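Trainee: Residue numbers (our numbering): -4 to 67.
Using N, Cα and C, we set each Cβ at its ideal position, and we do this for glycine too.
Since the model is a prediction, treat every value here as computed from it, not as a measurement.
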């Protein structure tokens, strides 16, 4: 929602707006779990968050791709 608002505020259209919206919908990075493992800050929890966000992204990214096609 934040990226969609930023796209509208900056008045960006077309393929650039679609690309920005789709790129903002990708799951959390694996870097979070890597840093958690390095500093021993609940690495199992961070690994689970990355796993579930990646699995859930199959639905959300598909929806955002469709939404970007409809909006722009």
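(1) Give me the Cβ distance between residue 19 and residue -2, rounded to the nearest whole Å; I'm assuming they're in contact under 8 Å.
(2) Can you tell me where the alpha helix (DSSP H) holding residue -2 begins and where it ends?
(3) Could you give the first and the last residue of the continuous alpha helix (DSSP H) run that contains residue 23?
(4) Distance check for residue 17 and residue 6, CA to CA, integer angstroms please.
Mentor: Quick answer:
(1) In the chain shown, residue 19 corresponds to position 24, counting from 1. In the chain shown, residue -2 corresponds to position 3, counting from 1. Residue 19 to residue -2, Cβ: 4 Å. Contact.
(2) Position 3 of the chain shown, counted from the first residue, corresponds to residue -2. It spans -3 to 4 - the alpha helix (DSSP H) in which residue -2 sits, taken as one unbroken run.
(3) In the chain shown, counting from the first residue as 1, residue 23 sits at position 28. Here residue 23 belongs to no alpha helix (DSSP H), and DSSP marks it neither H nor E.
(4) The residue labelled residue 6 in the question sits at position 11 within the chain shown. The residue labelled residue 17 in the question sits at position 22 within the chain shown. Rounded to the nearest angstrom, the two C-alpha atoms are 17 Å apart.
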